[in-house]
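Numbering-wise (the numbering used here), the sequence shown opens with residue 17 and increments by one. Backbone N, C-alpha and C define an ideal beta-carbon position, used for all residues, glycine too.
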Amino acid sequence: MVGPCPAALASRRALDGRTARRTNYRPLPGEFMRMRVRFTAVVATAGIGMCGLSACGLVPGKTFRDDAEVAKKITSIRLDNTSGGLTVHGGKAGGAVSVHRSVTYHGDRPQGATHRIEDGVLVLGGCGEHCTVDYTVQVPAGLPVSGETADGGIDLSGVGAVQVTTSNGGIDLDGVTGPIDATTTDGAITGHGLSGRQIAAETSNGAIDLTPATAQSVRAKTSNGSITVTVPKAHYRVSAETSNGDKHLGVVQDPAGRYRLDLTTSNGDITAKSA
């Protein structure tokens with residue numbers, strides 16, 4: 017059998033000698049503290065270099081707020097925002113439109129307006145990377161609202177048709193007069209005084225609670241949460257499915273009913289009742 021080469025043995029003996037010297041080493045008084053401080057500084061510096069001050073949350077963002085009046089006539093609102101919430105209040109007298117925004121940013125302060133007008137559509141845009149803009153808009157009643165945001169809640173009152181999506185945030189609807197299509201990945205959906213033709217509400221994680229003001233078809237779906245619909249008296253075709261929960265159906269069920277209630281949850285109770 018061929019043994020290890022002399023060079024390998026020498027290298028191994030040298031390594032063993034260094035290991036023995038390290039094992040028997042005792043730091044002088046105060047030296048251990050200096051070693052620990054240097055080690056902590058190296059770790060902290062490496063952590064900052066890996067994720068950045070802002071990304072790690074070590075430096076809080078700065079926030080500013082401002083207001084703008086929109087002189088042009090607005091026919092609808094479209095949300096085109098990468099991060100931030102939206103609140104719309106319909107019913108401002110005189111047909112005036114105002115836009116209030118709250119901008120939180122890291123780094124350089126964003127410059128210029130983040131909203132614009134395109135063929136009568138008020139477009140509410142984002143403010144770039146590492147930046148969040150929350151809008152509060154006052155408009156005449158009945159304007160349709162559409163669009164999406166990646167991270168933020170949506171609160172709409174006194175508006176017309178609704179077609180909105182958010183990836184992370186709840187959706188609250190009040191006094192909506194048009195059809196509704198509302199989707200969120202993570203958040204509850206609530207609606208009261210809804211007088212459109214139909215409602216579609218879907219969330220992956222959150223409860224759904226809807227109270228239409230007029231009889232209409234309702235489709236509500238959640239993967240994790242309860243569903244409650246309180247509807248005007250009418251005859252409804254009802255489909256209610258839950259994998260883990262109870263069903264409480266207190267409406268008149270009619271296979272030939274004009275309106276349909278399609279209610280589905282994977283985990284939660286389902287309640288359908290008359291107002």
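Confirm, please, whether the CB-CB distance from residue j to residue i is below 8 Å.
i      : j      : result
His208 : Thr152 : no
Ile93  : Val192 : no
Thr280 : Lys237 : yes
Thr201 : Ser220 : yes
Gln232 : Val254 : no
Thr165 : Leu226 : no
Leu159 : Gly141 : no
Glu85  : Ser114 : yes
His146 : His131 : no
Gln179 : Asp167 : no
Thr120 : Thr148 : yes
Gly241 : Ala223 : yes
Ser118 : Asp150 : yes
Thr91  : Val139 : no
Gly185 : Gly203 : yes
Ser173 : Asp190 : yes
Gly107 : Ala157 : yes
By the three-class DSSP mapping on this structure, what secondary structure does residue i have?
i      : result
Asp135 : coil
Cys147 : strand
Ser220 : coil
Ile286 : strand
Gly176 : coil
Gly167 : Per the sequence shown, the amino acid found at residue 167 is Asp instead of Gly. In this structure, Asp167 counts as coil in the three-state DSSP scheme.
Ser183 : coil
Ser242 : coil
Gly194 : coil
Ala291 : coil
Thr15  : No information on residue 15 is available, as it lies outside the stretch 17 to 291 that the chain covers here.
Leu140 : strand
Thr61  : With a pLDDT of 44 at Thr61, under the threshold of 50, the predicted position of this residue should be treated as unreliable, and no value is reported.
Thr39  : Confidence in Thr39 is poor, its pLDDT being 41 and thus under 50, which makes the residue's placement too unreliable to answer from.
In the DSSP assignment, the beta strand (DSSP E) including residue i goes from what residue to what residue?
i      : result
Pro228 : 224 to 228
Ala231 : No beta strand (DSSP E) holds Ala231; DSSP gives it neither H nor E.
Gly207 : 205 to 210
Leu279 : 275 to 281
Arg190 : Correcting the residue type first, residue 190 is Asp in the shown sequence and not Arg. First-last of the beta strand (DSSP E) with Asp190: 187 to 190.
Ala256 : 251 to 258
Val267 : That residue, Val267, is in no beta strand (DSSP E); it is neither H nor E in DSSP.
Am I right that residue i and residue j are in contact with their C-beta atoms under 8 Å? What's the rounded C-beta distance?
i      : j      : result
Thr181 : Thr206 : Actually they are not in contact, since the Cβ atoms of Thr181 and Thr206 sit about 16 Å apart, beyond 8 Å.
Ile286 : Ile243 : 5 Å
Ser290 : Gly266 : 6 Å
Val161 : Val234 : Rounded, the Cβ-Cβ distance is 19 Å, inconsistent with contact.
Gly144 : Pro126 : 6 Å
For the ligand MN, is there any heavy atom lying closer than 7 Å to the beta carbon of residue i?
i      : result
Arg132 : With respect to small molecules bound, the structure shown includes none, and the ligand MN cannot be examined in it.
Please tell me whether residue i has its Cβ less than 8 Å away from any Cβ of chain D.
i      : result
Thr193 : The chain labelled as chain D is not found in the depicted structure, where only one protein chain is given.
Next item on the list: Could I get the ranges of all uninterrupted beta strand (DSSP E) runs contained in the segment 74 to 129, with 3 residues as the minimum, in chain order?
Entry: 78 to 86, 92 to 97, 102 to 106, 113 to 121
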